[in-house]
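Participant: Have a look at this one before I ask anything.
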Amino acid sequence: MKGQTRPPVTQETLLTKVAFNVNGKGQELQLDPRTTLLDALREHLHLTGSKKGCDHGQCGACTVIVEGRRINSCLTLAVMQQGARITTIEGLGTPDKLHAMQAAFVKCDGYQCGYCTPGQICSAVAMLDEIKAGVPSHVTADLRAQPQLTAAELRERMSGNLCRCGAYSNMAEAITEVGRTA
Amino acid sequence: MKFDTPATTNPIDQLKVVGQPVDRIEGPLKTTGTARYAYERHDVAPNAAYGCVVGSAIAKGRIVAISLDAAKAARGVLAIVTAENAGKLGKGDLNTAKLLGGPEIQHYHQAIALVVAETFEQARAAAQLVQVKYERSAGAFDLAAVKDTGTKPKPGFGGPPDTAVGDFAGAFASAAVQFDATYTTPDQSHAMMEPHASTAKWDGDKLTVWTSNQMIAWSVGDMAKTLGIPKENVRLVSPYIGGGFGGKLFVRADVVLAALGARAAKRPVKVALQRPLIINNTTHRPATIQRIRLGAAKDGKISAIAHESWSGDLPEGSPETAVSQTRALYAGDHRMTAMRLVVLDLPEGNAMRAPGEASGMMALEIAMDEMAEKLGLDPIEFRIRNDTQVVPDNPAPPPGGSDPESKAKDEKAEKHNPHPPFSQRRLTECFRTGAERFGWSQRNAAPGKTRDGKWLVGTGVAAAFRNNLVMKSGARVRLDKHGTVTVETDMTDIGTGSYTIIAQTAAEMMGVPLNKVVVRLGDSNFPVSAGSGGQWGGNSSASGVYAACVKLREAVTQKLGFNAADVQFADGQVKSGGRTAPLAQAAGEGGLAAEDTIEFEGLDKKYQQSTFGAHFVEVGVHALTGEVRVRRMLAVCAAGRILNPKTARSQVIGAMTMGVGAALMEELAVDKRHGFFVNHDLAGYEVPVHADIPHQDVVFLDETDPISSPLKAKGVGELGICGIAAAVANAIYHATGVRVRDYPVTLDKLLDGLPSAG
Amino acid sequence: MKAFTFERARTPAEAAAAAARTPGSRFIAGGTNLLDLMKLEIETPTHLIDVNGLGLDQIEPTPEGGLRIGALVRNTDLAADERVRRDYGVLSRALVAGASGQLRNMATTAGNLLQRTRCPYFYDTNQPCNKRAPGSGCGAIGGFSRQHAVIGVSEACIATHPSDMAVALRVLDAIVETIRPDGSTRKIAIADFHRLPGDQPQIETVLEAGELITAVTLPKPVGGAHIYYKVRDRASYAFALVSVAAIVQRDGTGRVALGGVAHKPWRVEAAEAEMPRGAQAVAGRLLAGAKPTEENAFKLKLVERAIGAALAEAKEAQP
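Chains as they are written, first to last, in this note's numbering: chain W, 1 to 182; chain R, 1001 to 1758; chain E, 2001 to 2319.
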């Protein structure tokens, strides 16, 4: 495995072993414990689809799905993800075989520069599951009722993913389309 | 190809591919995370070391001592670059402050060192070990406080510092209705999602940088100048750019330091500016203070109009040209504009999406709303009454351009016309169309009278106006034996849709389906294009591709021995007279290639080329707390031929979104004691989130502008941000009766005027 | 980020003991705030104790009819818990008003309580900050202070506590349960958990070195309408300018606590007697002695209005 050889193991470097599953494939890495999950993916496994926009949990570009839940991969250490099942944008679909959410983003032009896009898509996929699971949001009127995929719910729940190009309105259409048929 | 006479019928007019709402051709790459951005080039620089930038802790002064010992001794450190050890560095033509500071410090977070290490974690930790002793000097950080020290800036993109037509003072004094108000706009940040990032690699004395940059040729020049090496030795590659908005028009610290770091470490180095550093390290849209005076007759005809603007920048910097649209947008016989520039020791001010107009329209379009109310006129009607089909104030260009090329053009240019006609101007139609669709006639003109439960509801309008600039742009087009057309140009796609409209242009011209076109962008090995800025990119670069395709068509025609007069390119075939041949056949084994550059001459002087629109906004303002929610948004735009309605619409909604940010939340908070932007990350500098933006409607008027380019298109990337913030502010006024003239319109500015809590 | 060593703890007692054994150590759970601060070297632990494996992720009923929330219960799970939604709506509401979906999936109950301020001067290591570097001064006083505290402030610090959840816990009279390195446990009333800045703003809670939060318990439900009204500059994913947690009974009596105004969730029980008289009276008592800056004086009015909005919502929402 190509990524495992970097960074080089020097005598002074205290490396910690971690194993997890990324997109269905087991990965075992020796990492500087300071390595975030995001940097492990991007710099060690060369899965650069997850983006670093802020590295401080302020933009959502690094969103990946861990154990079925979306998280900011910049704010967790790789060594904290021992045994975890991780899905990144590369695990959802490929250019030749797009995931339904990826296809809907293309169709609805739910992106411009493309940098926030993988995070938006991972977030949207997991967000639809959160609604199904009955997780309430800030705009859920009745806390005890099953939340619905309304425009307001979708926009509130996606608010942890910034898009400076301002493709929000189109993303809402893409996500609604997928949510309705899912 | 010279473009100096209005376009006539050409193959683009077939509109088989151009003008169609096709999906972005790079969409599958972007949505799967397989488009590679500047920091992700494991493919070409697999051994890159990591650089971390150290920013200055003071705004102004000098470094007294810098100690690198601890950092050098840290694990994994390969090299440290500072001004002391970097060798002699120049400064790019387009940079105001130095990109590597020291010993003199010009602004907060100016880069003063790059620490290069084996890993990112090591570089970041070691950067903290660089010890710096500073000596602070006093600086000017408060625009309002030093406003009166303003001087006349050099004439630049925004025209001369002063213009005057007729007798403003006299006309204003004698106007039946007068209006005089001052507005402020704050410093704003581009806050693009991808940090400024670069990977640099040297092969001997040849440098390659994979970077995130809007303007390849400008930046090759400035890299060469900064590093003191020949341009020929610099290759700059920027195929994907995670947003720029003007913040990546220039070479910035990431790319210069990556190059210096790679030289010092003797291996490829990559650098991404840390997010908390970006806001003070890079450029921003400067704050303005704008005074607007309007004088009108009782019937609403403007007789006197004045717009003055003050902004600040570092020494040798430039102004925010906030008055430029006021010379062209509304009629009025007596008028003046003025810009003054003060020296501020804040970070460098520079272009951000629609520089000039975005800020200027924020003020002007509130003023128009206020004046309409004073006149007792509907704000749309007031604007329509002051429509003009010629430019009321067209200042003569400064004598003699600075570069030989523009001098040569000046000599050819016809006598200066003080009132040139607009090539197209359908502002009134934008308003009328929008009013109809938005239901404007249902509006109760009185402010603070419409309520929906706890929400005060208001609607507002504003004009959108942005000049259409055209820039020389080149491309190379190749045809291979499979009939595939490959376009190469150093044009960039910053999310604007360049890949797609260029592919559409080539497909239309060569008569092939879109999937037979390959577009390669953002590489300085390709012909020099217009680049992405000032909303000139789409129209100019696609015109460059058109020019190259015209040449390729000629080559194909000649090769096949067809008659140029009746040749047709369609469905992968070339037809002439009774003969038909596959396009691929013309290419033969060796293929065919053609290169050309479109050069715009004369028409942009003879005619004023501008884009127009009308913004309609409905807001709800919480009657108790003053929280604002935008409920409806509509923009009607007239911007020439729309090359791709899908991507063009995205440009407009994106600009509208950024305008909502400008209206409601975006403000770089200045610490006026220490001279820096305090809220320098994405938590502190709030930009709109999903929940802030409702469904957005965009209508493009059916228009072609043969004066603008062979494609009859215009720019549309910045039009949408011009006026939108004022439309939001006007809607808030209509909802609440509270007029806020200082952006952003945050709830604290509304509280005192809201209905009492009881 | 400074280098550190890393271990995974298996029991709460083991975690607390490890912390006591290793000076400079910190517990890490969600990591959303600690890692953020470590990257900037505002936090510089030399040893991290991963407590995610402690099994403290259950929500259980208490014998008193309340709920015991494990320290590691994620914000999303707590907000979505059926019992919380039914009986402690204000907590559910506060949680979903905070951060983003992604962050709520990571952030834990204990970690949320221990969030540090978002004051930009605290976050910028070039600037003076008595909380980050005791004795260096306060950059926010006389600087950009729009977001800052208006009450309970000191000459040393005007930072706010950023948590929404803690404001709801305050109005619910929650109890924080901890274990100390010596294995002893204690219960701390939420009212006593967070400190005012005084002249030691670096000390934010009453936790002792190595003391680990194991759970937060809620007393038995008190009924009423549960409202969390949060006011911010954008519609979502932003810290509060002001927030109001309120539990309002049918007769207009109830409880109210504020976020965004002080170094801790702000509740003055005496002010609650004013609730039937309305927002102005309540706000007046809650904010008696307030010392706002010029930039954040608007918060006084905003508090009154936000309480008004909360009370109006409560009226509509009466069960």
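Think of the CB as a built atom: it goes at the ideal place given N, C-alpha and C, for glycine as much as any other residue.
In chain E, which residues lie less than 7 angstroms from Gln1128(R) when you measure between Cβ atoms?
Facilitator: In chain order: Glu2041.
Participant: Kindly indicate which residue of Glu43(W), Leu31(W), Asn161(W) and Leu14(W) has the alpha-carbon position closest to the one of Tyr115(W).
Facilitator: Of the candidates Glu43(W), Leu31(W), Asn161(W) and Leu14(W), the one whose C-alpha sits nearest the C-alpha of Tyr115(W) is Asn161(W).
Participant: Is the CB of Pro2045(E) under 9 angstroms away from at least one CB in chain R?
Facilitator: Cβ-Cβ to chain R under 9 angstroms: no for Pro2045(E).
Participant: Report the three-state DSSP secondary structure of Met1193(R) (helix, strand or coil).
Facilitator: The answer is coil: DSSP assigns Met1193(R) none of H, G, I, E or B.
Participant: Closer than 7 angstroms by beta-carbon distance: list the chain W residues that pair up with Thr2076(E), in chain order.
Facilitator: What Thr2076(E) touches in chain W: Val135.
Participant: Determine the DSSP secondary structure at Ile131(W), reduced to helix, strand or coil.
Facilitator: Residue state, collapsed to three classes: helix.
Participant: Excluding the 5 residues preceding and the 5 following Gly1243(R) in the sequence, name in chain order all residues of the same chain whose CB lies nearer than 8 angstroms to its CB.
Facilitator: Once the five neighbours on either side are set aside, the close Cβ partners of Gly1243(R) are His1190, Met1192, Met1193, Glu1194, Ile1494 and Gly1495.
Participant: Take every Cβ of the region 1199 to 1217 of chain R, pair it with every Cβ of the region 1701 to 1710 of chain R, and state whether three or more of those distances are shorter than 8 angstroms.
Facilitator: No contact exists between the region 1199 to 1217 of chain R and the region 1701 to 1710 of chain R.
Participant: Using beta carbons (cut-off 9 angstroms, strictly below), is Thr88(W) in contact with chain R?
Facilitator: Judged by the 9 angstroms Cβ criterion, Thr88(W) is in contact with chain R.
Participant: Who are the Cβ neighbours of Asp2124(E) in its own chain at under 8 angstroms, not counting the five residues just before and after it?
Facilitator: Same-chain partners within the cutoff: Gly2139.
Participant: Please list, in chain order, all residues of the same chain as Val9(W) whose beta carbon is under 8 angstroms from its beta carbon, the five residues on each side excluded.
Facilitator: In this prediction, Val9(W) has a pLDDT of 37, which is less than 50 and means its spatial position is unreliable; nothing more can be read from the coordinates.
Participant: Have a look at Pro2023(E) and Leu2196(E) and give me their C-alpha separation to the nearest angstrom.
Facilitator: The straight-line gap from Cα to Cα measures roughly 26 angstroms.
Participant: Looking at the unbroken alpha helix (DSSP H) that takes in Thr1163(R), where does it start and where does it end?
Facilitator: Thr1163(R) -> not in any alpha helix (DSSP H); beta strand (DSSP E) instead, spanning Asp1162 to Val1165.
Participant: Using a Cβ-Cβ distance cut-off of 9 angstroms, determine whether Leu77(W) contacts chain E.
Facilitator: Yes, contact with chain E.
Participant: Suppose only complete runs of 3+ residues qualify. What are the beta strand (DSSP E) ranges in the region 1678 to 1739 of chain R, listed by chain order?
Facilitator: Qualifying beta strand (DSSP E) stretches, in chain order: 1696 to 1700.
Participant: Determine, using beta carbons only, whether Met1656(R) comes closer than 9 angstroms to chain E.
Facilitator: No, Met1656(R) does not count as interfacial toward chain E.
Participant: Using a C-beta to C-beta distance shorter than 8 angstroms, which residues of chain W count as neighbours of Met1665(R)?
Facilitator: Going along chain W, no residue has its Cβ under 8 angstroms from Met1665(R), so there is no contact; the nearest lies around 12 angstroms.
Participant: Got a sec, what are the start and stop residues for the alpha helix (DSSP H) Gly2101(E) sits in?
Facilitator: First-last of the alpha helix (DSSP H) with Gly2101(E): Gly2101 to Met2106.
Participant: Using only the alpha-carbon positions, how far apart do Ala1581(R) and Gly1474(R) sit?
Facilitator: Each residue's Cα considered, the two are about 28 angstroms apart.
Participant: Helix, strand or coil: how does DSSP classify Ser1137(R) here?
Facilitator: Three-state result, Ser1137(R): coil.
Participant: Tell me the DSSP secondary structure of Lys1060(R) in three-state form.
Facilitator: Coil, per DSSP.
Participant: Comparing C-alpha positions only, which one of Ala1586(R), Ala1725(R) and Arg1275(R) sits nearest to Met1665(R)?
Facilitator: Checked all of Ala1586(R), Ala1725(R) and Arg1275(R); the closest Cα to Met1665(R) is Ala1725(R).
Participant: Just list the alpha helix (DSSP H) runs in the region 1202 to 1230 of chain R, keeping only unbroken ones of 4 residues or longer that don't cross its boundaries, in chain order.
Facilitator: Fully enclosed alpha helix (DSSP H) runs of 4 or longer: 1216 to 1227.
Participant: Take the Cβ of Ser1756(R) as the centre, count every other Cβ of all protein chains shown within 10 Å, and call the residue buried at 16 or more, exposed below.
Facilitator: By the neighbour-count rule (16 or more Cβ atoms within 10 Å), Ser1756(R) is not buried but exposed.
Participant: Could you give the DSSP three-state label for Arg2219(E): helix, strand or coil?
Facilitator: Reading the sequence as shown, one finds Pro at residue 2219(E) and not Arg. DSSP places Pro2219(E) in coil when its eight states are reduced to three.
Participant: Could you name the residues of chain R that Phe20(W) contacts, counting a contact when the two beta carbons are closer than 9 angstroms?
Facilitator: Those do not exist, as Phe20(W) stays about 18 angstroms from chain R at its closest Cβ, beyond 9 angstroms.
Participant: Provide the residue span of the alpha helix (DSSP H) that contains Cys62(W), from first to last.
Facilitator: It is not in any alpha helix (DSSP H) - Cys62(W) carries neither H nor E in the DSSP assignment.
Participant: Which chain E residues sit within Cβ distance under 8 angstroms of Leu14(W)?
Facilitator: Correct list: Ala2003 and Thr2005.
Participant: Going along the region 148 to 174 of chain W in order, which residues come within less than 7 angstroms of chain E, judged by CB to CB distance?
Facilitator: Of all residues in the region 148 to 174 of chain W, Glu156, Arg157, Ser159 and Gly160 have a Cβ within less than 7 angstroms of some Cβ in chain E.
Participant: Indicate the three-state DSSP secondary structure (helix, strand or coil) for Glu2295(E) in the structure shown.
Facilitator: Three-state result, Glu2295(E): coil.
Participant: To which residues does DSSP link Gly1349(R) through a beta bridge?
Facilitator: Gly1349(R) pairs with His1284(R).
Participant: Name the two residues that bound the continuous alpha helix (DSSP H) containing Asn2075(E).
Facilitator: Asn2075(E) -> alpha helix (DSSP H) spans Asn2075 to Ala2080.
Participant: Are the region 2147 to 2164 of chain E and the region 2287 to 2297 of chain E touching, with three or more C-beta to C-beta distances below 8 angstroms?
Facilitator: Yes: at least three Cβ pairs fall under 8 angstroms.
Participant: Could you pull out every residue in the same chain whose Cβ sits closer than 6 angstroms to the Cβ of Glu1348(R), ignoring the five residues on either side in sequence?
Facilitator: So the list reads Thr1096, Ala1097, Thr1283 and Leu1314, once near-sequence residues are dropped.
Participant: Among Thr1746(R), Ile1721(R) and Leu1469(R), whose alpha-carbon lies nearest the alpha-carbon of Ile1732(R)?
Facilitator: Checked all of Thr1746(R), Ile1721(R) and Leu1469(R); the closest Cα to Ile1732(R) is Thr1746(R).
Participant: Anyone know if the C-beta pair for Ala1065(R) and Val1130(R) falls short of 9 angstroms?
Facilitator: No. Outside cutoff.
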